[in-house]
Amino acid sequence: MDYIEDCSDERHKSFCIYCGCAESSAPVSRDHVPTKGILLEPYPRNLPTVTVCRACNGGFSLDEEYLIAFLGAVLAGTTDPAAQKLPAASRILGRNESLKSLIDRARQECPSFGDEKQLIWMPDLERVRRVIVKNSRGHAFYEFGEPMLTEPASASAVPLQVLSDGQRTAFEHVDAGPGWPEVGSRMMTRLMSGHNLKDGWVVVQEGVYRYAVFQDDGIVVRTILHEYLATEVLWE
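Using our numbering, read the sequence shown as starting at 6 and increasing by one per residue.
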């Protein structure tokens, strides 16, 4: 990814964007947004990061591992560590037998055409939600300089394949509306220069992760993971 300097409001950079605690009152660290394990190796350069308190950075680890492992199992069609397409999922499933068993129990086989079986995966949606909201907070702040400290009005995650053609088209369409982002924000720079921007989407890794942040009666953050999972988080 191209490096883009952030010149947004400095007053928004003195506290953790996840919990709101002052950076002067707690140890801080850098958090990758998106969660790095979702991506493929070698990782792109200049991955987006945000400064957060150390407690929050570590507080999402178990849910992030769950999402990575679950997504990896779905993409591979199995929890077998050796069959994973996602390196981080292979490592997690290889060392965490209890999580592997948990995900195995979420796998169901349903009759399909002929003798074929269709795999249905039933994730823990609350754990998935916590990760996508965390990443969406990071995307909103990284691109707009806007800390989203309140709970979102909505947060959803669905496989792209369950969307109708009309729903898919509407989801893919990113309309920035009449208003422009704050001068000095990364998204303002992207809109003027086109850096890593494709049809309104910021491409972190082609075919692996892209996100869109825009204003539509609030802040909307959409992501697509491995061209499989579509997420949307809205703050009003």
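Think of the CB as a built atom: it goes at the ideal place given N, C-alpha and C, for glycine as much as any other residue.
Buried versus exposed, by CB contacts within 10 Å (16 or more), residue i
{"i": "LYS122", "result": "exposed"}
{"i": "TRP240", "result": "buried"}
{"i": "SER30", "result": "exposed"}
{"i": "CYS115", "result": "exposed"}
{"i": "VAL225", "result": "buried"}
{"i": "LYS203", "result": "exposed"}
{"i": "ARG227", "result": "buried"}
{"i": "ALA175", "result": "exposed"}
{"i": "GLY171", "result": "exposed"}
{"i": "LEU91", "result": "buried"}
{"i": "GLY77", "result": "buried"}
Backbone CA spacing between residue i and residue j [nearest angstrom]
{"i": "GLN210", "j": "PRO49", "result": "7 Å"}
{"i": "TYR71", "j": "SER117", "result": "28 Å"}
{"i": "CYS58", "j": "VAL38", "result": "14 Å"}
{"i": "SER198", "j": "SER141", "result": "23 Å"}
{"i": "CYS24", "j": "CYS61", "result": "7 Å"}
{"i": "ASP14", "j": "GLU187", "result": "9 Å"}
{"i": "ASN201", "j": "PHE20", "result": "28 Å"}
{"i": "TRP126", "j": "VAL79", "result": "7 Å"}
{"i": "SER34", "j": "THR56", "result": "6 Å"}
{"i": "ASP11", "j": "ALA27", "result": "20 Å"}
{"i": "GLN113", "j": "LEU165", "result": "19 Å"}
{"i": "ASP68", "j": "THR40", "result": "11 Å"}
{"i": "LEU130", "j": "GLU237", "result": "13 Å"}
{"i": "GLY63", "j": "ASP36", "result": "9 Å"}
{"i": "GLY99", "j": "ALA235", "result": "27 Å"}
{"i": "ARG132", "j": "ASP120", "result": "34 Å"}
{"i": "GLY189", "j": "GLU156", "result": "26 Å"}
{"i": "ALA217", "j": "SER106", "result": "34 Å"}
{"i": "PRO244", "j": "ASP7", "result": "Since the first residue of the chain shown is 6 and the last is 241, residue 244 is not available in this structure."}
Inter-residue CB distance, residue i and residue j (contact presumed, cutoff 8 Å)
{"i": "ALA111", "j": "ILE137", "result": "Actually they are not in contact, since the Cβ atoms of ALA111 and ILE137 sit about 18 Å apart, beyond 8 Å."}
{"i": "PRO53", "j": "GLY143", "result": "7 Å"}
{"i": "GLY82", "j": "LEU45", "result": "Their Cβ separation, rounded to whole angstroms, is 18 Å, which puts GLY82 and LEU45 out of contact at 8 Å."}
{"i": "ARG215", "j": "ILE9", "result": "Not a contact, Cβ separation roughly 16 Å."}
{"i": "MET193", "j": "TRP206", "result": "About 16 Å; that fails the 8 Å criterion."}
Beta carbon of residue i nearer than 7 Å to that of residue j
{"i": "ALA160", "j": "ARG134", "result": "yes"}
{"i": "HIS17", "j": "PRO128", "result": "no"}
{"i": "VAL139", "j": "PHE219", "result": "Correcting the residue identity first, residue 139 is Lys in this sequence and not Val. Not a contact, by the Cβ cut-off of 7 Å."}
{"i": "CYS208", "j": "HIS231", "result": "Checking the sequence shown, residue 208 turns out to be Val, not Cys. The answer is no: Cβ separation not under 7 Å."}
{"i": "PHE75", "j": "ILE43", "result": "no"}
Check: Is there contact between the region 74-89 and the region 145-155, where contact requires at least three CB pairs shorter than 8 Å?
Finding: no
Next item on the list: Please confirm if the region 90-104 is in contact with the region 168-180, defined as three or more CB-CB distances below 8 Å between the two stretches.
Entry: no
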